[in-house]
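So the structure is just underneath, and the comments pick up after that.
Structural data, given as structure tokens:
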């Protein structure tokens with residue numbers, strides 16, 4: 001299973017001994033969690049990331065904390081308020097190996113992630129072997145499965161109702177959808193939201209390759225309903241066009257607020273460190289992963305776009321042309 005890690009600054013790497021393999025920056029998954037204290041041996045990565053901060057200075061005695069294992073002197077201090085954990089979400093039906101590997105990585109305690117496969121032929125079998133001992137992973141899996149079933153049922157209903165309307169009866173409008181909640185939400189759009197919604201959906205439904213290309217900048221102060229409009233567009237695209245929408249934002253919190261990913265994570269963009277990061281094409285394996293994730297995507301929405309630099313916008317363009325093999 002291929003995972004990405006952030007390299008140390010090239011000057012730091014140059015100063016390392018020639019035989020040193022410590023070229024990666026410390027991170028929560030590959031460094032801190034495997035070196036968690038013995039007192040937290042049975043704690044999963046999900047719970048560890050949810051409840052503990054890592055710091056170099058020893059916390060005061062009023063906090064619950066433990067010294068970390070490993071070469072570097074670090075401490076893990078328990079938070080008073082747990083973090084909300086956001087992570088890459090795979091599709092169980094089309095990305096089963098990545099999906100079950102992620103469940104094992106998050107919810108099964110481990111010191112060496114390579115042992116998660118537990119002698120099985122693949123991670124799907126490894127999860128089936130361990131699932132009875134992973135109640136939190138089972139709850140997560142059941143929740144995802146229920147959501148997938150609900151979406152599938154909604155799509156089937158849409159197809160059935162569309163067949164009923166193929167006779168002499170004409171649909172009342174292009175938004176006469178069989179999914180009541182979507183219809184109701186569309187009706188709740190205000191004048192400005194509806195104008196943008198109509199502009200986007202009309203272009204996507206035109207069938208003209210040129211006119212269906214949308215490059216729009218939507219601006220509005222906080223509380224004007226941008227996130228609500230994004231939600232409607234994502235659902236409309238899924239039910240009506242049977243396509244996925246990639247939703248991204250420049251920061252983790254902004255991405256979480258619109259149920260998306262950071263733009264760097266979505267497109268595997270380089271992260272700035274002491275200057276402008278250099279753009280590099282993806283490896284064959286990474287490119288295959290991104291293409292698989294974006295396979296059914298026909299709409300990209302970036303929230304908080306004003307926070308994105310012109311360099312990042314350029315890198316987004318380069319990555320998308322690379323992924324979709326376009327110019």
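Numbering (this note's numbering), first residue to last: 1 to 327. For every residue, glycine included, the Cβ atom is placed at its ideal position computed from N, Cα and C. All of these numbers come straight from a predicted model, not from anything done at the bench.
Secondary structure of residue 120 (DSSP, three-state): coil. Here the alpha carbon of residue 41 sits roughly 12 Å from the alpha carbon of residue 66. Counting C-beta pairs with one atom in each stretch, the segment 88-107 and the segment 118-127 have three or more that are closer than 8 Å, which means they touch.
Between residue 257 and residue 227, the alpha-carbon positions lie close to 8 Å from each other. About 43 Å separates the beta carbon of residue 117 from that of residue 185, a gap too long to meet the 8 Å contact definition.
Segment contact: the segment 216-230 against the segment 263-273, fewer than three CB-CB distances shorter than 8 Å; contact not assigned. With 16 or more other Cβ atoms inside 10 Å of its own Cβ, residue 250 counts as buried. In this structure residue 306 is exposed. Its beta-carbon is surrounded by fewer than 16 other beta-carbon atoms within 10 angstroms.
Distance from the CA atom of residue 20 to the CA atom of residue 75, rounded to whole angstroms, is 25 Å. Its chain contains 245 and 247 as the residues whose beta carbon lies nearer than 7 Å to that of residue 234, once the 5 sequence neighbours on both sides are disregarded; these appear in chain order. A Cβ-Cβ distance of about 31 Å is found for the pair residue 95 and residue 309, leaving them out of contact under the 8 Å criterion.
Counting other Cβ atoms within 10 Å of its Cβ, residue 236 reaches 16 or more and is therefore classed as buried.
Note on geometry: alpha-carbon atoms of residue 216 and residue 202 lie some 13 Å from one another. Between residue 29 and residue 43, the CB-CB gap reaches or exceeds 8 Å.
Following the DSSP letters along the chain, one finds residue 53 inside the beta strand (DSSP E) bounded by residues 52-55. Between residue 32 and residue 13, the C-beta gap is not smaller than 8 Å, which leaves the two residues out of contact. Beyond the five residues adjoining it in sequence on each side, residue 279 comes within less than 7 Å, by CB distance, of 270, 315 and 318 in the same chain, given in chain order. Taken in chain order, the complete beta strand (DSSP E) segments of 3 or more residues contained in the segment 196-284 are 244-249.
Runs of the beta strand (DSSP E) lying entirely within the segment 16-62 and spanning at least 3 residues, in chain order: 52-55.
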